[in-house]
Structures are given as structure tokens and as C-alpha cells.
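Asks: Which chain is which? The protein sequence lines are Z and W, in order.
Numbers in this note's numbering are just positions in the first sequence, counted from 1, shifted up by 3.
Numbers in this note's numbering are just positions in the second sequence, counted from 1, shifted up by 1075.
Virtual Cβ for every residue (Gly too), placed ideally from N, Cα, C.
Since the structure is predicted, the reported quantities are computational estimates derived from the model, not experimental observations.
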Amino acid sequence: MPVKVSMTVNGKPVAAEVEERTLLVTFIRENLRLTGTHVGCDTAQCGACTIHMNGNAVKACNMLAMQAEGADILTIEGVAAADGTLHPMQEAFREHHALQCGFCTPGMVMSAIDLVKRHPKPTEAVVRAELDGNFCRCTGYHNIVKAILDAAPKVAAMR
Amino acid sequence: MYAFNYQKAKSVADAAAALAKNPDAKALAGGQSLIAAMKLRLAAPAAVVDLGGVAELRGIKSDGKNLVVGAMTRHSEVVFSDDVRKAIPALAHLAGEIGDRMVRNMGTLGGSIAHNDPAADYPAAVLGLGATVETNKRKIAADDFFKGLYETALEPGELITSVSFPVPKRAGYVKFKQPASRFALVGVFVADTGSGVRVAVTGAGPCVFRVPEMEKALASKFAPESVANIRIPDKGLNSDIHASAEYRAHLVTVMAKRAVQAALG
Ligand SMILES: Cc1cc2nc3c(=O)[nH]c(=O)nc-3n(C[C@H](O)[C@H](O)[C@H](O)COP(=O)(O)OP(=O)(O)OC[C@H]3O[C@@H](n4cnc5c(N)ncnc54)[C@H](O)[C@@H]3O)c2cc1C
Ligand code: FES
Ligand code: FES
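#1: Given a threshold of 16 other Cβ atoms within 10 Å of its Cβ, counted over all protein chains shown, does residue 104 of chain Z qualify as buried or as exposed?
#2: Unbroken alpha helix (DSSP H) runs of length 4 or more, entirely within the stretch 1089 to 1174 of chain W: which are they?
#3: Pairs of beta-carbons, one from the stretch 43 to 61 of chain Z and one from the stretch 15 to 22 of chain Z, closer than 8 angstroms: are there three or more?
#4: How big is the Cα-Cα spacing for residue 25 of chain Z and residue 1103 of chain W?
#5: Could you please give me the residues that DSSP links to residue 9 of chain Z through a beta bridge?
#6: With DSSP collapsed to three states, give me the class of residue 1297 of chain W.
#7: On the criterion of 16 or more Cβ atoms from any shown chain inside 10 Å, does residue 116 of chain Z qualify as buried, or is it exposed?
#8: Between which two residues does the beta strand (DSSP E) holding residue 1245 of chain W run?
#9: Between which two residues does the alpha helix (DSSP H) harbouring residue 1197 of chain W extend?
#10: Could you check whether the Cβ of residue 1326 of chain W sits closer than 7 angstroms to any heavy atom belonging to ligand 3?
#11: Give me the subset of the stretch 1082 to 1111 of chain W whose CB atoms are less than 8 angstroms from a CB atom of chain Z, sorted by chain position.
#12: Should residue 1314 of chain W be labelled buried (16 or more other beta-carbon atoms within 10 Å of its own) or exposed?
#13: Determine, for residue 72 of chain Z, whether the minimum Cβ-Cβ distance to residues of chain W falls below 8 angstroms.
#14: Identify every residue that forms a DSSP beta bridge with residue 54 of chain Z.
#15: DSSP has residue 1268 of chain W in a bridge; who is on the other side?
#16: If contacts are defined as beta-carbon pairs under 8 angstroms, then residue 1239 of chain W and residue 1143 of chain W qualify, I think. What distance do you get, rounded to the angstrom?
#17: Given that a residue counts as buried once 16 or more other Cβ atoms are within 10 Å of its Cβ, and exposed if not, what is residue 1243 of chain W?
#18: What does the alpha-carbon distance come out to for the pair residue 11 of chain Z and residue 1311 of chain W?
#19: Can you tell me whether residue 75 of chain Z is helix, strand or coil according to DSSP?
#20: Which of helix, strand or coil does DSSP assign to residue 103 of chain Z?
#21: How would you label residue 1279 of chain W, buried or exposed, when you count the other beta carbons within 10 angstroms and need 16 or more for buried?
#22: Please list, in chain order, all residues with a C-beta atom less than 5 angstroms from at least one heavy atom of ligand 3.
#23: Does any residue of chain Z bring its CB to less than 8 angstroms from the CB of residue 1079 of chain W?
#24: DSSP three-state call for residue 1214 of chain W: helix, strand or coil?
#25: Name, going along the chain, the residues of the stretch 1158 to 1192 of chain W whose beta-carbon falls closer than 8 angstroms to a beta-carbon of chain Z.
#26: Applying a beta-carbon distance threshold of less than 9 angstroms, which residues of chain W neighbour residue 66 of chain Z?
#27: Taking only beta-carbon positions, decide if residue 1309 of chain W is within less than 8 angstroms of chain Z.
#28: What's the C-alpha gap between residue 1255 of chain W and residue 1162 of chain W?
#29: In terms of residue numbering, what span does the alpha helix (DSSP H) encompassing residue 1193 of chain W cover?
#30: Report the residue from W/1177, W/1205, W/1229 whose alpha carbon sits nearest the alpha carbon of residue 1191 of chain W.
#31: May I ask whether a heavy atom of ligand 2 can be found less than 7 angstroms away from the beta carbon of residue 45 of chain Z?
#32: Helix, strand or coil, according to DSSP, for residue 23 of chain Z in the structure here?
#33: Any heavy atom of ligand 1 closer than 7 angstroms to the Cβ of residue 48 of chain Z?
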């Protein structure tokens, strides 16, 4: 039976009729056409689908759209400033060449922003440990870790 | 995913009524185990009753003697709770070892112990601390709660509301991670409580269990060397491509030693 789901996505209220079984990631990609949020594994392993729900990073492939009813959702499309200026985490990924194919990148950036929020002054060991829910099959992680360490103080200064 | 019905519960009573009305319905906490199981049809409830909006199931309270954690409290809330870090630092440490940060932002204490995965971390803390599981119907001692592989004392439709952990003198948890899944290949929780020492092992067998021989040895001397030569039999332990039963038995001793060391600080 279709049900009504509504939430705020990247600052805008959205609503749709969906089937109850609709995953949050499906809602974001297919209903809202925000395809920056990727599906890598569909089994909560790889982190490509990471988004923020009420300020916390979660895997959108492992929850129902209905579980986000009324929630405040942030996807990679909502991270840069309105004028297109990249978020410091995005800028650091670009600066440090922290991506190759780019498939993991939206999830990496969303996870990294959550990481530095919880650990405002992370050590390299903390960054590596806290990235264990995000897989990258290209970069070997070195430049991703460098980017996050570089961005951490800049993200902290935003608040 | 197959089609099912979804209902958001407003209260524990509301959820219990919905589950009582439909025996094919299941409670949905964070969905971190249930959604994955439903995708694979390992579970196929006709309806899910979402506990996500039930405020009374959330939160952490400490009175110095007991730490009470609501069933819907997320793993990450336990990790960063000052009350937990002060009363039972080993519990905050354990919660921080579960899965990854995104899983910890959704997964819950109630969901973890109701699911009772043989390699889950929380069952080791609940049994190791001799906690009490409170449901909408009764209080269940940890020793009576975990029954077997994915099996608990919960009756159909019964809901965990909170878990009450007695604050120990000291406690430690050390886990050897299965490197791909991050679940416990073997995890050992050791607690020196007001009423004796408890040692609980997860990951090694089909269900979390205690090791009385280690508990006795630690009661007379709480030190890593007390358990160094205690080897549990490997008969009945899990054996898979990740580790043989024999290796798991060996790890129990090693993790127990480290857990005692961690408890000593
Ligand atoms: C990638 C990944 C890695 C993970 N790694 C680990 C790990 O290292 N260690 C570990 O311990 N766990 C791990 N988990 C599991 C995680 O801890 C889950 O949070 C936990 O298994 C339960 O999920 P949940 O709280 O979302 O409950 P759900 O998945 O929503 O529910 C699980 C079960 O519990 C029942 N249930 C839920 N709440 C209640 C309640 N209040 N009363 C009665 N029944 C209830 C449900 O009906 C269902 O049967 C991992 C999960 C993932 C996806
Ligand atoms: S697609 Fe969600 S974790 Fe891989
Ligand atoms: S850049 Fe290709 S997967 Fe990470």
C-alpha cells in the first residue's frame, strides 16, 4: 500500500507517495533524483550511500524511507554553499587528490564531515579507524586520510 | 525487497498492541540487522512496527549503583555518554567497537540483544555484568535471557524496554575482530562486581556463555596470569573459514587475559 512520506532534504521540504518497502536511498535517488548518493553494496558494508540524518551519518541503503519521516536529511548535493563554493571537506578532497574513480567519494565526504564533528582534532590513527565503514577500491586511502586531517580544523572553524 | 506493511508506534503500549494483533509483525529498531535480513529473506515479517518514534525507550540514567540504558538508545549515544564513561567505561568502549560509525548511529542496544547474533558485542556486556533486561512484561536476569543461536527468552511480541547494568568495581572488554565484518571472532567481557567476578565470551560459540573456571581463578586473584593457563574445551565452538574451533578456544584465553589487563587500567 502506498504511504505518504515527508522530510526535509538539503533544507527543502519534500513529500511523496512511496511503497512501504522503499529504502531511503531509493527514495533519494529515484524519487528526488539526487543521484550523488551511491549504492555500492546494498548490504551496509561499503558506505557509498552515507548521508546525514538529523546531523548523524547513516547508511541510506540499510533503512526505510519511512524511518526518516520528519527527519532532516543532508546529502552530498547539499554540502557545498549556495553559491557553489565547495565545503572545506570537498575542497580538501580535491586539493589532496583523494579520489580516482569517484564512486566512493560522496559517501567518504559525508562520513568524513561526521567524523570531524565527533573528533574535532583527529589523529591519523583515529581517521583510519573511523573510516572503517567506507570502502575505496582505488586510492589506497592515503590521500583520503590526508584530506580529512587537513580539513578537520577548517570544518571545526565553520561552527 | 518484498512488500510488507509499515507502522510507526507512538508508545510502548501502542507497539505492543500492534504486535499482539499481528503475529507476523516484527519490531523495527534501527533496522541494522532486520533490514539486511529482510533483503535476504532470512526474515520475512508481513509487517514492521517502528520503535523509532517512541521517546520512552531512549536515554541513559545512572544512580551510581545501576546504569539504565533504554532499548532504543543508539550505540553512538552509549559511546559518547558521560554517564556511561564514568560508571562503566568498558561499556562505552564496547559500544565503540561495534561495526562502524554509521551503523553505531542507527543500531540500538535492544535490537542487538533481541537479535542475539552469536558474534555480537552487547550480549557479552549484558551477561558479563549480570545485567537485568526489562521488558514490557517482566524483568529477566541476563543468565536467563540468552538461550541459544539467535534465541532469547523473549516471547512473541514481547518488547525490551531497557537494560539495567549494575556498576562493577572494574570491568574490561577486548575483542578480536573478524576483519571483514568487524563482529567479534572472539570477545571477552570481564567484570569484578560487588558479588564476584564474571567472565562472558561472545563469538566463540553459538551463543554468549560464561567461563566459571576463569571466574573462580579471578575471584582469588584478579590478575591476567590467573587465567593464562585456563583453556576452554573447543568442543561445540564455532568453526568456519575465519577460524577453527581450536583457534577460537585459544583466543578465549588470550582475550580474557587482555580483558583483565584492561579492567586493571
Ligand atoms: C556493517 C555492520 C556491521 C556490524 N558490526 C557489528 C559488530 O561488530 N558487533 C555487533 O554487536 N553488531 C554489529 N552489527 C549489528 C548492529 O549492532 C545492530 O545494531 C544490531 O544487530 C541490532 O540492530 P538494530 O538495533 O537496528 O535492530 P533491528 O535490526 O531493527 O532489529 C533486530 C531484531 O531485534 C528485534 N527488536 C528490536 N528492538 C527490539 C525491542 N526493543 N524489543 C524486542 N525486540 C526488538 C527486531 O524485531 C529484530 O528481530 C553490525 C551491523 C552492520 C550492518
Ligand atoms: S550501498 Fe549502503 S553501505 Fe554500500
Ligand atoms: S575513488 Fe574509486 S572507489 Fe574510491
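Replies: In short, the structure shows the following:
#1: exposed
#2: For the alpha helix (DSSP H) assignment, the uninterrupted runs of no fewer than 4 residues enclosed by the stretch 1089 to 1174 of chain W are, from N- to C-terminal side, 1109 to 1114, 1150 to 1154, 1157 to 1162, 1164 to 1171.
#3: no
#4: 15 angstroms
#5: Note: residue 9 of chain Z sits in a beta bridge opposite Z/18.
#6: coil
#7: buried
#8: 1245 to 1252
#9: 1197 to 1203
#10: no
#11: 1083, 1103, 1105, 1106, 1107, 1110, 1111
#12: exposed
#13: yes
#14: Z/61
#15: Paired residue(s): W/1271.
#16: The pair is a contact, with the Cβ atoms about 5 angstroms apart (cut-off 8 angstroms).
#17: Around the beta carbon of residue 1243 of chain W, 16 or more other beta carbons lie within 10 angstroms, which makes this residue buried.
#18: 51 angstroms
#19: strand
#20: Correct three-state label for residue 103 of chain Z: coil.
#21: buried
#22: Z/102, Z/103, Z/104, Z/106, Z/107, Z/139, Z/140, Z/141
#23: yes
#24: strand
#25: Those residues of the stretch 1158 to 1192 of chain W that come within reach of chain Z (Cβ to Cβ, closer than 8 angstroms) are 1174, 1175, 1176, 1177, 1178, 1180, 1181.
#26: 1105, 1106, 1107, 1110, 1181
#27: It does not; no Cβ of chain Z falls within 8 angstroms.
#28: 32 angstroms
#29: Premise fails: residue 1193 of chain W is in no alpha helix (DSSP H) and is neither H nor E.
#30: W/1229
#31: yes
#32: coil
#33: yes
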